[in-house]
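At position 5 of the sequence shown the residue is numbered -4 (the numbering used here), and the sequence of numbers has no breaks. Yeah, the Cβ is synthetic: ideal placement off N, Cα and C, and Gly gets one too. Just so we're clear, the structure is a prediction, and the values are computed from it rather than from any experiment. This report concerns only the one structure given below.
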Amino acid sequence: MAPRRRRTDAAPLFAAAAVAYTANVALGTAVATKVIDTSSYRWLHHAMYIATCVTSAAAFSAVLWGRPRFASRRAALALAPAAAPLAAIPYLGTHSRRHPIVALAAAPFIVAGFICSRLATDRK
-8 MAPRRRRTDA APLFAAAAVA YTANVALGTA VATKVIDTSS YRWLHHAMYI ATCVTSAAAF
52 SAVLWGRPRF ASRRAALALA PAAAPLAAIP YLGTHSRRHP IVALAAAPFI VAGFICSRLA
112 TDRK
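Laid out in structure tokens, this is it:
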């Protein structure tokens, strides 16, 4: 019988983190290019940032409980470096060039965590 191949059971958390991050970047880009004016509801971008941080932390927690263990740890460790730019964003100011650059620095790690959580593994 062929070995059973499964994705990590934390894959939905990695997907939620990727969706929250993508939505936050899309809103930030739309505001920066003046496509959308959020001056009357500025809290929305902040709420989306908090959602991104919370879902990323929840996905990273798969390092402790995710199954299969190897795939979950690989996905969580691929996501881990995204914590540094996400933590630095509030301290950089919103009207400088550093803000979008540091925000986009998290993208490769969020994508890597998402992809690693979706890869099937045959380890037990």
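Residues of its chain near residue i, where Cβ-Cβ distance is below 7 Å and the 5 sequence neighbours each way are ignored
i     : result
Pro72 : Phe100
Delimiting residues of the alpha helix (DSSP H) encompassing residue i
i      : result
Pro3   : Ala2 to Ala23
Ser47  : Trp34 to Phe51
His86  : Careful: His86 lies outside any alpha helix (DSSP H) and carries neither H nor E.
Val63  : Residue 63 is actually Ser in this sequence, not Val. First-last of the alpha helix (DSSP H) with Ser63: Arg60 to Leu70.
Leu77  : Ala74 to Ala79
Val102 : Ala98 to Arg109
Same chain only: Cβ atoms within 8 Å of residue i, ignoring 5 sequence neighbours per side
i     : result
Leu35 : Leu18 and Thr29
Leu83 : Arg89, His90 and Val93
Ala79 : Val93
Val22 : Asp28, Thr29 and His36
Beta-carbon proximity of residue i to residue j, cut-off 8 Å
i      : j     : result
Ala97  : Leu68 : no
Cys107 : Arg58 : no
Ala8   : Met39 : no
Whole-number beta carbon distance between residue j and residue i, since they are thought to touch under 8 Å
i     : j      : result
Val54 : Ser47  : That pair is no contact at about 12 Å.
Ala50 : Leu4   : 4 Å
Ala11 : Arg109 : Not a contact, Cβ separation roughly 17 Å.
Contact set for residue i: own chain, Cβ-Cβ below 6 Å, skip 5 residues either direction
i      : result
Gly104 : Phe5, Ala66, Ala69 and Leu70
Thr85  : none
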